[in-house]
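To start, the structure under review is shown below, and the notes come after it.
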Amino acid sequence: MSTILDAIADLRAGRRSPVDVAKSVLTTGVAVGLLLLLLFPVYWIVTVALSRGTTLSSPGSLFGDPAAYTLDSFRWVLENESFRRGLLNSLIVVTVTVTVTLAFSIPGAYALSRREFFGRRKLLYGYILFTQVGAGLSIAVLIALYALFSGIGLTNNLLVLGLFYAAGAIPFNTWLLKTFMDNIPVSYEEAAIVDGASQWQVMREVILPLAKPGIAAVLVFAWTAGWNEFIVAQTLIHDPDLYPLSVELYGLIDDRRGTSWPQFAAFALLFALPVAIIYFLAQKQVESGLSFGGMEG
Amino acid sequence: MSVDTPEGVGNRIRRLLPSSATDIGVVLVLPGLVLFSLFMLFPIAFLVYLSITDVSRAGDVIGIFQGEASIVWFANYLELFADGEFWNSIGVTWLYVGVSLGLKLVLTLVIAILLTHDRVAGKRYMRALVIVPMGFPPIFVITIWRAIFSPAAFGPFNRLVSAYNDVVIGLAELVDTIAFFVALRAPELLLVDVPVNWTGGRWAAFFGYVVTETWLAYPFMVIIVVSALQDVPMELHDAAKVDGAGYLNRLRHVTIPAIKGPLVFASILTAATSFQNFLIPWVFNKGGPGRSNELLLVYGYREARVFNEYAMSSAIMVVAIGFIGLFMWLAVKKTNLADGV
Chain A
1 MSTILDAIAD
11 LRAGRRSPVD
21 VAKSVLTTGV
31 AVGLLLLLLF
41 PVYWIVTVAL
51 SRGTTLSSPG
61 SLFGDPAAYT
71 LDSFRWVLEN
81 ESFRRGLLNS
91 LIVVTVTVTV
101 TLAFSIPGAY
111 ALSRREFFGR
121 RKLLYGYILF
131 TQVGAGLSIA
141 VLIALYALFS
151 GIGLTNNLLV
161 LGLFYAAGAI
171 PFNTWLLKTF
181 MDNIPVSYEE
191 AAIVDGASQW
201 QVMREVILPL
211 AKPGIAAVLV
221 FAWTAGWNEF
231 IVAQTLIHDP
241 DLYPLSVELY
251 GLIDDRRGTS
261 WPQFAAFALL
271 FALPVAIIYF
281 LAQKQVESGL
291 SFGGMEG
Chain B
1 MSVDTPEGVG
11 NRIRRLLPSS
21 ATDIGVVLVL
31 PGLVLFSLFM
41 LFPIAFLVYL
51 SITDVSRAGD
61 VIGIFQGEAS
71 IVWFANYLEL
81 FADGEFWNSI
91 GVTWLYVGVS
101 LGLKLVLTLV
111 IAILLTHDRV
121 AGKRYMRALV
131 IVPMGFPPIF
141 VITIWRAIFS
151 PAAFGPFNRL
161 VSAYNDVVIG
171 LAELVDTIAF
181 FVALRAPELL
191 LVDVPVNWTG
201 GRWAAFFGYV
211 VTETWLAYPF
221 MVIIVVSALQ
231 DVPMELHDAA
241 KVDGAGYLNR
251 LRHVTIPAIK
261 GPLVFASILT
271 AATSFQNFLI
281 PWVFNKGGPG
291 RSNELLLVYG
301 YREARVFNEY
311 AMSSAIMVVA
321 IGFIGLFMWL
331 AVKKTNLADG
341 V
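Set out below in structure tokens:
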């Protein structure tokens with residue numbers, strides 16, 4: 001707003017030429033246009049969730065009729081048995097993933113940051129290699145795991161699923177936390193030891209509180225990993241009673257009988273909402289996590 | 001590494017054992033390492049083992065230990081490398097990586113340059129908005145794009161194509177009215193048959209994959225490129241301006257070289273992710289139509305879960321892991337991630 005007022009004042013005073021202002025307006029317009037184009041899917045899915053009936057096979061407006069917008073689809077989702085069950089299952093998986101991740105990566109990160117031990121450098125290098133890998137490795141090993149698990153009866157188990165997510169991300173989370181801990185000055189620990197603190201007290205009362213932002217980042221990553229994942233869950237869980245939300249969402253797409261798009265859109269939005277909120281609240285941590293190392297490459 | 005003397009081995013073992021408080025590091029690091037090995041490293045080894053057997057159904061796998069499946073060594077790999085489907089999958093995967101990377105680079109540069117441009121007002125808010133897609137679960141994003149690419153006559157993208165057709169026809173009519181002496185009709189070549197069957201046509205589906213992949217990955221690249229652009233010294237631009245360089249020249253000789261490092265870094269990472277993409281083809285049409293668009297991981301997955309060829313699937317996955325390993329090595333080599341180690 002103030003930019004516009006400034007521009008008008010500049011024009012009046014003759015500090016800027018009209019052509020110059022027009023150029024700025026035009027580039028801003030292009031940027032806004034591009035942004036609207038890019039965010040079209042978000043806007044569209046929200047309007048679909050609010051509108052009635054399907055809008056894909058009828059020639060009406062793509063965005064439904066704004067006058068007839070209703071929250072019925074959201075109500076349908078919240079009262080839907082499979083949504084509630086899926087929510088509970090997802091929460092179980094996420095709890096396991098977060099707990100295991102924190103329990104295993106905090107001590108590991110501390111050791112890698114502060115201790116010298118046999119094979120430390122090799123282990124670090126190995127972990128760094130595995131931080132660079134996406135979900136593909138999980139899918140590749142999924143075949144072997146499925147073959148094993150179905151033989152020994154470990155499929156259809158939410159705890160195993162949560163454990164798998166935590167295990168796969170150990171290198172990334174440990175390394176991320178280690179880089180945070182590296183930035184805590186050693187002198188703090190030395191001061192604590194001089195004051196008579198034990199090893200355990202140093203860890204608990206110096207390192208842990210100072211590593212909080214790093215722990216928050218790891219928590220966010222572990223949480224979203226468990227919440228978002230789809231294909232491993234779909235492969236390892238066969239019992240519909242144990243489906244997490246991601247699998248339930250995919251199940252709503254029905255090509256044969258036709259998908260109810262408003263209900264699908266409402267379900268999808270409610271599924272994505274917690275992640276979006278967490279990303280928004282923890283934006284700083286997430287970005288520092290995404291940008292750690294390499295960025296200046 | 002030199003050959004260990006008995007004393008050397010003894011020393012190494014002694015160093016391995018947590019003998020004093022300073023060796024507590026091993027104890028702290030071991031649980032995580034064991035967990036990771038159990039769910040990642042061990043299955044990789046098991047996958048390699050499966051790939052040299054002739055096991056077919058998942059249930060038989062445990063039977064291997066009782067001798068129900070036999071070891072066939074490299075027979076699976078030989079069969080795989082002689083199979084046209086495998087090479088099709090490799091080709092489609094690399095084409096997908098290449099095309100989507102090109103698209104992502106262009107889109108990212110346009111967004112990043114616009115959103116760091118002096119003339120754009122409110123660019124800070126726009127920068128926060130433009131990376132919003134990153135906060136969504138991939139399965140959410142992909143199912144929505146599948147709806148956008150719905151083959152239904154009034155699916156969002158089909159409407160866009162219809163609108164494009166109308167524009168082409170309109171333009172042709174306009175030319176026809178002005179130049180009334182030539183009988184001009186809309187050129188068939190420029191028109192698209194609607195509705196496009198986005199899940200049933202090979203290249204239509206491939207196009208859908210690439211667009212979705214681009215949308216999924218651009219926020220990550222925009223973050224990196226925007227922060228790189230902000231670090232480009234203004235003096236360089238000013239000097240180039242003094243030398244009379246136009247906008248495009250400055251872009252080519254000042255901006256791009258200055259952000260080359262981060263650009264390469266982002267490209268490697270995003271190429272690695274799209275090489276491993278599974279969800280987009282899977283959710284769109286399971287790598288179809290038929291088996292024509294199966295990216296490598298979809299190909300391997302379907303071979304096991306749909307066609308019950310676990311040994312063959314394992315061989316495919318081992319090949320995929322080989323490629324992923326190359327990407328890992330390249331990423332660490334090309335960046336300074338491992339510098340502090």
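So the protein lines, in turn, are chains A and B.
When we follow the UniProt record's numbering, the leftmost residue of the first sequence carries the number 1, and every step to the right adds one.
When we follow the UniProt record's numbering, the leftmost residue of the second sequence carries the number 1, and every step to the right adds one.
In this text, a Cβ means the ideal position worked out from N, Cα and C, and glycines have one as well.
Remember, predicted model here, so these are calculated numbers, not experimental data.
Annotation: Arg159 of chain B to Ala147 of chain A spans about 45 Å, alpha carbon to alpha carbon. When the Cα atoms are used, Val175 of chain B and Val168 of chain B turn out to be separated by approximately 11 Å. Residue contact with chain A for Leu109 of chain B: absent (no Cβ-Cβ distance below 9 Å to any residue of chain A). With distances taken between CA atoms, Gly300 of chain B lies nearest to B:Ala315 out of B:Met328, B:Ala315, B:Ile111.
Of A:Ala109, A:Leu245, A:Ile170, A:Trp223, the smallest CA-CA separation from Ile231 of chain A is found for A:Leu245. When DSSP states are grouped into helix, strand and coil, Thr335 of chain B belongs to the coil group. Cβ-Cβ distances below 6 Å link Leu154 of chain A to Val160 in the same chain, with the five nearest sequence neighbours on each side left out; the list follows chain order. The criterion of a C-beta distance shorter than 9 Å is not satisfied by Val48 of chain A and Ala276 of chain A. For the region 160 to 173 of chain A, the set of positions with a beta-carbon nearer than 8 Å to some beta-carbon of chain B reads Leu163, Phe164, Ala166, Ala167, Gly168, Ile170, Pro171 in chain order. Note on geometry: alpha-carbon atoms of Ser61 of chain A and Ile142 of chain B lie some 23 Å from one another. Within the same chain, and ignoring the five residues on either side of Ser113 of chain A in sequence, the residues whose Cβ sits closer than 6 Å to its Cβ are Lys178, Met181, Asp182. Below the 9 Å Cβ cutoff, chain A contributes Leu249, Tyr250, Leu252, Ile253, Phe264, Ala268 as neighbours of Thr143 of chain B, in chain order. Lys123 of chain B has a beta carbon lying within less than 9 Å of a beta carbon in chain A.
In the three-state reduction of the DSSP assignment, Thr270 of chain B falls in the helix class, which pools H, G and I. Around the Cβ of Ser70 of chain B, a 10 Å sphere holds fewer than 16 other Cβ atoms; the residue is exposed. Between Arg146 of chain B and Thr214 of chain B, the gap from beta carbon to beta carbon reaches 9 Å or more.
Spatial neighbours of Met221 of chain B in its own chain (CB-CB distance under 7 Å, excluding positions within 5 residues in sequence) are listed in chain order as Lys104, Thr108, Ala266, Thr270.
Against chain B, a Cβ distance below 7 Å from Arg257 of chain A picks out nothing, because the smallest value is about 14 Å. In the structure shown, Thr53 of chain B adopts extended strand secondary structure according to DSSP, grouped into three states. Counting along the chain, Gln201 of chain A sits inside the alpha helix (DSSP H) bounded by residues 199 to 202. Per the coordinates, the alpha-carbon of Ala191 of chain A lies some 21 Å from the alpha-carbon of Pro107 of chain A. Along the region 74 to 92 of chain B, there is no position whose C-beta sits under 9 Å from a C-beta of chain A. With a minimum length of 4 residues, there is no unbroken run of alpha helix (DSSP H) contained wholly in the region 168 to 215 of chain B. DSSP places Phe104 of chain A in the uninterrupted alpha helix (DSSP H) bounded by 81 to 114. Among the residues facing chain A, Pro233 of chain B is not included, as its CB has no counterpart in that chain under 9 Å away. In the DSSP assignment, Glu190 of chain A falls within the unbroken alpha helix (DSSP H) covering 186 to 194.
Residues of chain A with a Cβ closer than 8 Å to the Cβ of Phe207 of chain B do not exist; the shortest Cβ-Cβ separation is about 16 Å. The alpha-carbon of Asp72 of chain A is positioned some 8 Å away from that of Leu50 of chain A.
For chain B, the residues of the region 8 to 32 of chain A that bring a beta carbon within less than 7 Å of one of its beta carbons are Lys23, Ser24, Thr27, Thr28, Val30, Ala31, in chain order. At a cut-off of 9 Å between beta carbons, Ile139 of chain A contacts chain B. Sixteen is the threshold: when 16 or more other Cβ atoms of the shown chains lie within 10 Å of the Cβ of Thr255 of chain B, as they do, the residue is buried. Burial is judged here by how many other beta carbons sit within 10 angstroms of a residue's own beta carbon; Tyr218 of chain B has at least 16 and is buried.
For the pair Glu85 of chain B and Glu294 of chain B, the CB atoms are nearer than the 9 Å cut-off. If you draw a straight line from the Cα of Val192 of chain B to the Cα of Ala163 of chain B, it is about 11 Å long.
In the DSSP assignment, Gly84 of chain B falls within the alpha helix (DSSP H) that extends over 84 to 114. In the structure shown, the three-state DSSP call for Ile259 of chain B is coil.
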